[in-house]
Amino acid sequence: MELDTLKRFEKGFVTAGWFGVISSLCLLLLLNITLLTNIYITTKNLFLLIYLTAPLSVLALFSKKSRSLGLWGLSIEIFIIIFTVIFFGLGWIVTPFP
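Here is the structure:
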């Protein structure tokens with residue numbers, strides 16, 4: 004009985020997984036544009052995408068069909084967070100005071 008109710012929401016999990024992957028790829032694109040062109044994109048926009056990607060990717064982990072999409076979205080987001088922290092740390096080591 005519970006499996007039947009879970010299959011009813013299967014399409015929603017797959018949709019959340021795709022939105023998680025697409026938003027994480029957009030986040031990666033914005034990060035690359037920021038680094039390559041030196042155009043300052045406000046961190047509010049980046050954090051909005053991070054806060055949008057994480058719940059959608061975690062929600063996609065609950066279904067077997069959308070689990071790979073959730074893992075892709077979370078792995079890209081974790082990569083971006085680790086890259087940003089390391090990039091900020093290395094920049095802080097080079098010039099600690101602006």
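For reference, each letter of the sequence shown is one residue, going 4 to 101 in my numbering. All C-beta atoms in this analysis are idealised placements derived from N, C-alpha and C, irrespective of residue type, glycine included. Note that the coordinates shown come from a computational prediction; the quantities given were computed from them, not determined experimentally.
Taking residue i as the reference, which of the options has the closest Cα?
i	options	result
residue 20	78, 97, 62 and 96	62
residue 23	42, 47 and 81	81
residue 11	41, 66 and 87	66
residue 53	85, 42 and 95	85
In the DSSP assignment, find the alpha helix (DSSP H) that holds residue i and state where it starts and stops.
i	result
residue 14	13-40
residue 47	46-63
residue 78	70-97
I believe residue i touches residue j by the beta-carbon criterion, under 8 Å. Please report the beta-carbon distance rounded to the nearest angstrom.
i	j	result
residue 26	residue 64	With 8 Å as the limit, residue 26 and residue 64 do not qualify as a contact, their Cβ atoms being about 16 Å apart.
residue 71	residue 16	That pair is no contact at about 12 Å.
When the Cα atoms are used, what is the spatial distance from residue i to residue j?
i	j	result
residue 98	residue 48	26 Å
residue 18	residue 50	21 Å
residue 57	residue 40	27 Å
residue 46	residue 14	32 Å
residue 91	residue 55	22 Å
residue 96	residue 34	21 Å
residue 100	residue 74	38 Å
residue 93	residue 38	15 Å
Cβ contact (3+ pairs, closer than 8 Å) linking the stretch 66-86 and the stretch 25-33: Yes, the stretch 66-86 is in contact with the stretch 25-33.
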